[in-house]
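**Q** Quick one: the structure is below, questions incoming.
Number of protein chains: 2
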Amino acid sequence: MLSNSRSAYQHHDHQRCIAAALSRAEERCAAARARLTPIRRAVLQLIWQNHRPLGAYSIVEQLPSVIGSPIRAPSVYRAIEFLLELGLIHRLPSRNAFIGCPFPGSEHSDVFMVCRHCGSAAELSADHLNQVIAETSERAGFRLESQTVELSGLCASCRDGGGGP
Amino acid sequence: MLSNSRSAYQHHDHQRCIAAALSRAEERCAAARARLTPIRRAVLQLIWQNHRPLGAYSIVEQLPSVIGSPIRAPSVYRAIEFLLELGLIHRLPSRNAFIGCPFPGSEHSDVFMVCRHCGSAAELSADHLNQVIAETSERAGFRLESQTVELSGLCASCRDGGGGP
DNA sequence: TGATTTTTTGATATGTTGTTTCATTTCATC
DNA sequence: GATGAAATGAAACAACATATCAAAAAATCA
């Protein structure tokens, strides 16, 4: 089971998370012959500023502090679209928000655990769960192409009385 | 496995679907000492006009033809909120749209199969799937409270070359 | 019944999220 | 440095959702 639930919910050196995410993004862009432009890089960096899903207009607000000049919504959405296509981020439909993918490139399907208390979201890719989802679809005669699984509840830290990461 | 995938995707007497849904709504409102007012009833009826998720502003547009007089967005959202609370409809986050629940009252969790071709959505409640989701959460130390599972792909009718229901 | 309280609806405005369109700039390639 | 493709700027707009306060309707009860 691939998961980033430890780092998402517990204290950790988050600078390394960010650095690793940007580094993976460089690799992936190189492999895809795509350009990680300053805007795209800044958007990715903002999304990775913590483990909470970030809305597009929050990015619009915060971009000047990273880029220097104001960036309008369409540019932000273009960067988001680019990052989505490369699998570097995911969209959480129930929140209209975006979150960094901790393991881009690996074949996995979107399963998120979103903590109602601290707002952090962890992603996991559980083979068994995906298999059961596939089987269930199959039995219903449904040809599964993609999936979004959003689980809401309390993360380990918040459940145990902590205040989250 | 509770599911309405047959009626959602295949030819059937849909008038009976609507009548049954309204009848269940009456029951459920009576049990909850809540009022199924004309607006709420009309909104539910519109959502049940077929098995495709319906957006709030489509409801706003269509309501006059059911109610007679125009109804603004806030009233529609109030009706939607009411129906959601009673479990008579569900919200599909990825589409900003609403769909009737085929088995309100039964303890079940939201799993939807949305056909990318015909747009119809079937709901199912698969014990095994829910159990695996619960186990997966547990293993990650996550206290699961609610879930939304949206599966996208091709329904049986569209997969077999048909045009859907 | 009539007064009181609660629930529901009306109406206006506004907030939030996402897209269209077209012009301009930047970049890679030749 | 000319050319075509990719990326960005800028303004307007479209779609989805909520805040607020007033009015009406319904339930409750003296």
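Chains A and B, in that order, are what the protein sequence lines are. Take -18 as the starting number for the first sequence in this note's numbering and just add one per residue. Take -18 as the starting number for the second sequence in this note's numbering and just add one per residue. Ideal Cβ placement from N, Cα and C applies to all residues, glycine included. Owing to the predicted nature of the structure, the values given are computational and were not obtained by experimental measurement.
1. Taking only beta-carbon positions, decide if F79(A) is within less than 9 Å of chain B.
2. What number of angstroms, rounded off, separates the C-alpha of S(-14)(A) from the C-alpha of R72(A)?
3. I48(B) to S87(B), Cα distance in whole Å?
4. Give every residue of the same chain whose Cβ lies closer than 7 Å to the Cβ of W29(A), excluding the five residues on either side of it in the sequence, and list them in chain order.
5. Straight-line CA distance for Y58(A) to A37(A)?
6. Taking the beta strand (DSSP E) that L135(B) falls in, what are its first and last residues?
7. Which residue wins for smallest C-alpha separation from L35(B), given the options E8(B), I70(B), Q(-9)(B)?
8. Would you mind telling me which residues of chain B sit closer than 7 Å to P74(A), beta carbon to beta carbon, in chain order?
9. For S159(A), which three-state DSSP category applies?
10. If you measure between the beta carbons of V130(B) and F93(B), is that distance less than 9 Å?
11. Based on the DSSP output, what are the partners of F79(B) in its beta bridges?
12. Is the number of C-beta pairs between the segment 94 to 103 of chain B and the segment 11 to 23 of chain B that are closer than 8 Å three or more?
13. Can you list, in chain order, the residues of its chain with a C-beta nearer than 6 Å to that of H32(A)? Leave out the 5 residues immediately preceding and following it.
14. Label Q(-4)(B) either buried or exposed according to how many other C-beta atoms from any shown protein chain fall within 10 Å of its C-beta, with 16 as the threshold for buried.
15. Give the straight-line distance between the Cα atoms of L110(A) and S106(B), rounded to the nearest whole angstrom.
16. Can you list, in chain order, the residues of its chain whose CB lies under 7 Å from that of L64(B), leaving out five sequence neighbours each side?
17. In chain B, what lies closer than 9 Å to S133(A) by C-beta?
18. Rounding to the nearest angstrom, what Cα-Cα distance links E66(A) and E7(B) in this structure?
19. Given a cut-off of 9 Å, decide if V113(A) and V113(B) are closer than it, judged by their beta-carbon atoms.
20. If you count every other CB in all the chains shown that lies within 10 Å of the CB of I53(A), and 16 or more means buried, which is it?
21. Using only the alpha-carbon positions, how far apart do E62(B) and R5(A) sit?
**A** Considering the structure as presented:
1. no
2. 17 Å
3. 30 Å
4. C(-2), I(-1), A2, G81
5. 7 Å
6. 124 to 135
7. I70(B)
8. P74, S75
9. Given a span of -18 to 146 for chain A in the structure shown, any question on residue 159(A) remains unanswerable.
10. yes
11. L35(B), R72(B)
12. no
13. A(-11), S101
14. exposed
15. 15 Å
16. R21, V24, L25, I70
17. L125, E126, S127, Q128, T129
18. 46 Å
19. yes
20. Note that residue 53(A) is Arg in the sequence shown here, rather than Ile. When all chains shown are included, R53(A) counts as exposed.
21. 42 Å
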